[in-house]
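Peer 1: Below you will find the structure I want to go over with you.
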Amino acid sequence: MVPTTFTQLGLNESLLKAIIKEGYTEPTLIQNRAIPSILAGKDVLASAQTGTGKTAAFALPILQHLYENPGFAGPRNIRALVVAPTRELAAQINDSFSTYGRFCGLKNDAVFGGVGKSNQIHALAKGVDILIATPGRLLDLISDGALSLQKVEIAVFDEADRMLDMGFIRDVRKIVTMLPKKRQTLLFSATMEKEIEALAKSLLQDPVRIAVKIEEPTVEKINQKLFLVSKENKRTLLTKIITEQHIERAIVFSRTKHGADKIGRILHSAGIENGVIHANKGQGNRTKTMEAFRRGDLRVLVATDIAARCIDVEGITHVFNFDMPSEPETYVHRIGRTARAGAEGTAISFCDNEEKKLLKQVERLIKKQIPVEQAV
1 MVPTTFTQLG LNESLLKAII KEGYTEPTLI QNRAIPSILA GKDVLASAQT GTGKTAAFAL
61 PILQHLYENP GFAGPRNIRA LVVAPTRELA AQINDSFSTY GRFCGLKNDA VFGGVGKSNQ
121 IHALAKGVDI LIATPGRLLD LISDGALSLQ KVEIAVFDEA DRMLDMGFIR DVRKIVTMLP
181 KKRQTLLFSA TMEKEIEALA KSLLQDPVRI AVKIEEPTVE KINQKLFLVS KENKRTLLTK
241 IITEQHIERA IVFSRTKHGA DKIGRILHSA GIENGVIHAN KGQGNRTKTM EAFRRGDLRV
301 LVATDIAARC IDVEGITHVF NFDMPSEPET YVHRIGRTAR AGAEGTAISF CDNEEKKLLK
361 QVERLIKKQI PVEQAV
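Counting from 1, one number per residue, gives the positions in the sequence shown under the numbering used here.
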């Protein structure tokens, strides 16, 4: 029988209490398939994308294992390790562990580059049960003697395909050599290329293989709209739509960092609370901006595609393509930020004369002509 509730998955009362508090009622497909295997102590190789609920699929059973098998690894030692490719993803995973583990009494923390090491070293010295880390900072801390992986019971490598793309596989292999041979290992990847299969073969022992495809986000759930508008009038139209439609939770995508900053200033001048994230923003600034957006203190998040790759925020009602993306696949990724978990969502694209070729590429990919709206 396929589990239909979190209780049927065998999760304990502390976790169920946290899940209920978050308003979740039914596990997703990846959670249904992965949680029992992880609870059984098996290695897992899972193909799953953002938006499938994969973070909870490994966070919940890890929390349960550590909670039901109490033990303190000691200062500078950890019991569970999650390796993620980017700072933003590491911070989001850490937030998930805090949310689901709020009644478990376990300590979790995230370490990543771009910020000082002193606070991270101090936290590790006091003791951390679950550590989420980017590869580079993790190796730095180990090299500094601030951390040991000798007592890790469960290791997770999330978004392995992105780690491959970003050139982190050598670091990952180095990290693996520092882990105990007797451990449980979980590997998650959106795609299963030859290199990922080879990595999995070296990391995992007789893994349970799970493949979950996310529903195509462009067809029914997302209301797509197109405005043919001059470059000069895009900013005015953006503020007009957000103001007149009382939009409270939106992401605006810009192709460039300079453009994102300009959009942020225009929205601020119009009295629309917003935050801007792109690669030139300091890590502390980006983290604060994301936290404020999650809390609802900001109505709009303005982002470049690279900075937004790991954003997984619930309740986004509108996505704006202020610029048409250079690659048609990016359009699908952008608008997939809305209409999550069965909710409705709207994607609004602005297209000037120079971008019409890009528009045609998008429509060819999604096999649909986006309805043109009249700018009023």
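Ideal Cβ placement from N, Cα and C applies to all residues, glycine included.
In the DSSP assignment, what are the bridge partners of C104?
Peer 2: For C104, which the question treats as bridged, DSSP gives no partner whatsoever.
Peer 1: If you draw a straight line from the alpha carbon of T218 to that of F322, how long is it in whole angstroms?
Peer 2: Here T218 scores only 43 on pLDDT, less than 50, and its place in the model should not be relied on; the value that follows carries that caveat. Their backbone Cα atoms lie some 18 Å apart in a straight line.
Peer 1: How big is the Cα-Cα spacing for T52 and A308?
Peer 2: 17 Å
Peer 1: Does the segment 205-214 come within contact of the segment 240-257, defined as at least 3 CB pairs closer than 8 Å?
Peer 2: No contact exists between the segment 205-214 and the segment 240-257.
Peer 1: With DSSP collapsed to three states, give me the class of G145.
Peer 2: Annotated three-state conformation of G145 is coil, per DSSP.
Peer 1: Cutting at 6 Å between CB atoms, please list the residues of its own chain near E355, excluding the five before and the five after it.
Peer 2: M324
Peer 1: How is I154 classed by DSSP in three states: helix, strand or coil?
Peer 2: strand
Peer 1: Please state the DSSP three-state secondary structure of H333.
Peer 2: helix
Peer 1: Looking at N109: is its Cβ nearer than 8 Å to the Cβ of A125?
Peer 2: Checking the sequence shown, residue 109 turns out to be Asp, not Asn. For D109 and A125, no; Cβs fall outside 8 Å.
Peer 1: Going by alpha carbons, who is nearest to A56 out of I251, R173, P36 and A160?
Peer 2: P36
Peer 1: Check for me: the beta strand (DSSP E) holding I348 runs from which residue to which?
Peer 2: First-last of the beta strand (DSSP E) with I348: G345 to C351.
Peer 1: Could you say which of S326, G296 and E329 lies nearest to I316 if we only look at CA atoms?
Peer 2: G296
Peer 1: Which of the three DSSP states, helix, strand or coil, is assigned to V172?
Peer 2: helix
Peer 1: Would you decide whether G74 is buried or exposed? Buried here means 16 or more other CB atoms lie within 10 Å of its CB.
Peer 2: exposed
Peer 1: Shortest alpha-carbon distance to E373 belongs to which of H318, V252, L226 and R76?
Peer 2: Distances from the alpha-carbon of E373 to those of H318, V252, L226 and R76 put L226 closest.
Peer 1: Can you tell me whether L298 is helix, strand or coil according to DSSP?
Peer 2: In the structure shown, the three-state DSSP call for L298 is coil.
Peer 1: Look at the alpha carbon of L131 and the alpha carbon of N274, and state the distance between them as a whole number of angstroms.
Peer 2: Cα to Cα, the separation comes out at about 31 Å.
Peer 1: Does the separation of the CB atoms of N12 and Y67 fall below 8 Å?
Peer 2: yes
Peer 1: Does the segment 190-204 come close enough to the segment 155-172 to have 3 or more Cβ pairs within less than 8 Å?
Peer 2: In short, these stretches touch, since the Cβ pair count reaches three.
Peer 1: Taking contact to mean 3 or more Cβ pairs, one atom from each stretch, closer than 8 Å, check whether the segment 80-94 and the segment 104-118 are in contact.
Peer 2: Contact between the segment 80-94 and the segment 104-118 is present: three or more C-beta pairs spanning the two stretches fall below 8 Å.
Peer 1: Just reading off the beta strand (DSSP E) that A211 is part of, what are its end residues?
Peer 2: V208 to A211
Peer 1: Please determine if the segment 281-288 and the segment 336-352 are in contact, where contact requires at least 3 C-beta pairs separated by less than 8 Å.
Peer 2: no
Peer 1: What distance in whole Å lies between the Cβ atoms of A347 and Q224, which are believed to be in contact at a cut-off of 8 Å?
Peer 2: 5 Å
Peer 1: Mind checking who L226 pairs with in its DSSP beta bridge?
Peer 2: S349 and V372
Peer 1: Have a look at the DSSP bridge pairing and note the partners of Q92.
Peer 2: According to DSSP, which records beta bridges pairwise, Q92 is partnered with nothing at all.
Peer 1: From N405 to A292, what distance separates their C-alpha atoms?
Peer 2: What the structure shows of the chain is the stretch from 1 to 376, and residue 405 is not part of that stretch, so it cannot be assessed.
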